[in-house]
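Everything below concerns the one structure shown next.
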Amino acid sequence: MSTEPVATDTDLRARFVRDGHVVIKTGLPDEYHQTIYAKLEEVFEKEGNVGNNILPRVPEIQQVYDDAAVTGALQSLLGPGYIMNPHRHCHLNPPGGRGQTWHKDCYVFDHNLRHPRFRWVMAFYYPQDTTRDMGPTGVMPGHQWYRTISDPDSTQSTEHHEALTGAAGTVSIVHFDTWHRATANTSDRKRYMLKFQFARTAEPQPGDADGAEWEQNGAVCDDVFRWLAGDTSTGPGDGGAIGGAVDSLRSGTPAERTRAADAIARSGSAGDAIAALTAALDDAAESVRLNAAYGLAAAGEAGLPELAQDLRREALASEPLAMA
Numbered sequence: 294m295s296t297e298p299v300a301t302d303t304d305l306r307a308r309f310v311r312d313g314h315v316v317i318k319t320g321l322p323d324e325y326h327q328t329i330y331a332k333l334e335e336v337f338e339k340e341g342n343v344g345n346n347i348l349p350r351v352p353e354i355q356q357v358y359d360d361a362a363v364t365g366a367l368q369s370l371l372g373p374g375y376i377m378n379p380h381r382h383c384h385l386n387p388p389g390g391r392g393q394t395w396h397k398d399c400y401v402f403d404h405n406l407r408h409p410r411f412r413w414v415m416a417f418y419y420p421q422d423t424t425r426d427m428g429p430t431g432v433m434p435g436h437q438w439y440r441t442i443s444d445p446d447s448t449q450s451t452e453h454h455e456a457l458t459g460a461a462g463t464v465s466i467v468h469f470d471t472w473h474r475a476t477a478n479t480s481d482r483k484r485y486m487l488k489f490q491f492a493r494t495a496e497p498q499p500g501d502a503d504g505a506e507w508e509q510n511g512a513v514c515d516d517v518f519r520w521l522a523g524d525t526s527t528g529p530g531d532g533g534a535i536g537g538a539v540d541s542l543r544s545g546t547p548a549e550r551t552r553a554a555d556a557i558a559r560s561g562s563a564g565d566a567i568a569a570l571t572a573a574l575d576d577a578a579e580s581v582r583l584n585a586a587y588g589l590a591a592a593g594e595a596g597l598p599e600l601a602q603d604l605r606r607e608a609l610a611s612e613p614l615a616m617a
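The working numbering puts the first residue of the sequence shown at 294, with every later residue one more than the last.
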């Protein structure tokens with residue numbers, strides 16, 4: 294089997310930016326995954342969970358992450374010089390497993406750091422067929438940009454979520470900041486999932502990229518999508534009048550304020566709305582704050598002082614939490 298990376302197009306990047314994950318199927322045969330499953334069973338029976346030592350204990354796992362479909366997707370998202378992080382863990386969700394609350398994983402040494410322009414991803418590999426009742430990993434598509442959700446308790450949260458199911462050999466590549474959780478295993482079968490982490494080592498290089506359309510979070514999605522193609526400009530914008538959007542940002546409903554901040558950020562005229570965008574950094578809705586921050590960034594030199602001041606204030610406010 295060839296391990297040369299498979300070329301991937303901008304559609305994969307667009308889906309990853311929009312949803313926070315893409316699902317890949319390896320080209321490895323069923324017998325390979327059965328062997329991995331059997332070896333995991335042996336390790337867990339004799340030694341328990343060996344944590345980050347799972348790859349040295351079962352070195353054949355490396356073939357998954359050398360598979361052409363997987364390396365092609367990782368290169369498309371992280372660039373050709375990406376590295377595998379030492380955190381390599383096998384998660385067992387046994388029959389009767391009750392699942393987890395919604396959470397984000399933390400970067401080493403910094404619980405507050407988050408990257409819309411992502412530099413780390415997680416790759417979840419199933420060595421067995423994984424159906425909905427086996428407790429697959431659940432994710433919240435499109436919520437990787439947000440630091441808060443309605444409720445970490447899955448019985449109370451209101452956001453749309455999906456279960457990452459698939460046949461043996463399925464690898465889900467997931468934005469590091471994605472809200473996720475192990476779901477309940479109501480079956481009589483074990484669910485193994487190997488979570489490996491990968492990181493970018495260099496900034497994206499300029500290249501061609503087709504445009505993409507976004508149903509929500511247009512400002513941040515546009516920025517990240519262009520950045521993946523090596524474009525760090527603020528985008529062309531439409532140069533249109535933003536008076537109506539400014540009015541909506543100041544007095545609309547949360548949904549209207551979110552759309553208004555997004556429209557201003559993408560208009561090319563964000564520099565004309567510095568005061569409104571700065572005020573929106575204190576909005577009760579995180580989606581408004583996010584788009585307002587992107588609006589100030591899009592305004593360039595006119596907006597950066599206000600944005601930097603707000604980021605410093607937020608960092609100082611969260612410092613006691615990081616030390617707790």
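Note that CB positions come from ideal geometry on N, CA and C, so glycine has one too.
From the options, residue whose alpha carbon lies closest to that of residue i
i	options	result
I347	F518, P379 and D603	P379
R605	A591, Q356, L574 and P445	L574
G500	V513, G511 and D524	D524
I317	G593, V414 and V363	V363
S450	I466, V581, H473 and G428	H473
Q393	P445, A585 and P434	P445
E324	D422, T448 and P547	D422
A353	E607, A572, E452 and Q327	As written in the sequence, residue 353 is Glu, which differs from the Ala given in the question. E353 has its Cα closest to that of Q327, out of E607, A572, E452 and Q327.
E338	T551, L385, Y587 and P349	L385
S443	S526, R425 and H396	H396
P409	E607, A608, D603 and A586	A586
P322	D302, D603, D426 and A460	A460
R482	R425, L570, G365 and R543	R425
T471	L570, Y330 and R407	R407
A495	D603, P388, D304 and S369	S369
Close beta carbons around residue i, own chain, < 8 Å, minus the five adjacent residues each side
i	result
E579	Y439, R440 and T441
R391	A477
Q490	M377, N378, H380, R381, W413, V414, M415, A416 and F469
N345	P379, H380, R381 and H382
Nonlocal neighbours in the same chain, by C-beta distance under 7 Å from residue i, ignoring five residues either side
i	result
L333	V351, C383, P420 and Y485
A595	G564 and I567
R235	Nothing in the structure corresponds to residue 235, since the chain is present only between 294 and 617.
T319	V357, D360, A362, V363, G462 and V464
G435	R311, D312, G313, Q509 and N510
G387	The residue asked about is misnamed: residue 387 is Pro in this sequence, not Gly. Within the same chain, P387 has close Cβ partners N478 and K483.
Close-in-space but distant-in-sequence residues of the same chain around residue i (CB under 6 Å, 5 per side omitted)
i	result
L521	R306 and P497
F518	V310 and A505
V581	R550, T551, A554 and A573
A454	Looking at the sequence shown, residue 454 is not Ala but His. Cβ within range, chain order: G431 and M433.
I466	V315, A366, V414 and A416
P547	A578
D576	R582
S541	E549 and A553
Secondary structure of residue i, DSSP reduced to three states
i	result
E452	coil
V315	strand
Y587	helix
M616	Residue placement at M616 is poorly supported in this model, since its pLDDT is 39, which falls under 50; the coordinates still yield a value, given next. M616: helix per DSSP, three-state reduction.
A566	helix
A592	coil
F411	coil
A578	coil
A608	helix
Y330	helix
A416	strand
L321	coil
Exercise. What residue ranges within the segment 355-406 form continuous beta strand (DSSP E) runs of no fewer than 3 residues, ordered along the chain?
Worked result: 376-386
Problem set entry | Cβ pair count under 8 Å reaching 3, the segment 306-315 against the segment 384-401 | no
Problem set entry | Ranges of the beta strand (DSSP E) found wholly within the segment 457-516, counting only runs of at least 3 | 463-468, 473-475 and 484-492
Exercise. Taking three-plus beta-carbon pairs below 8 Å as touching, is the segment 550-565 in contact with the segment 580-593?
Worked result: yes
Problem set entry | Length at least 3, wholly inside the segment 424-452: the beta strand (DSSP E) runs in chain order | 430-432
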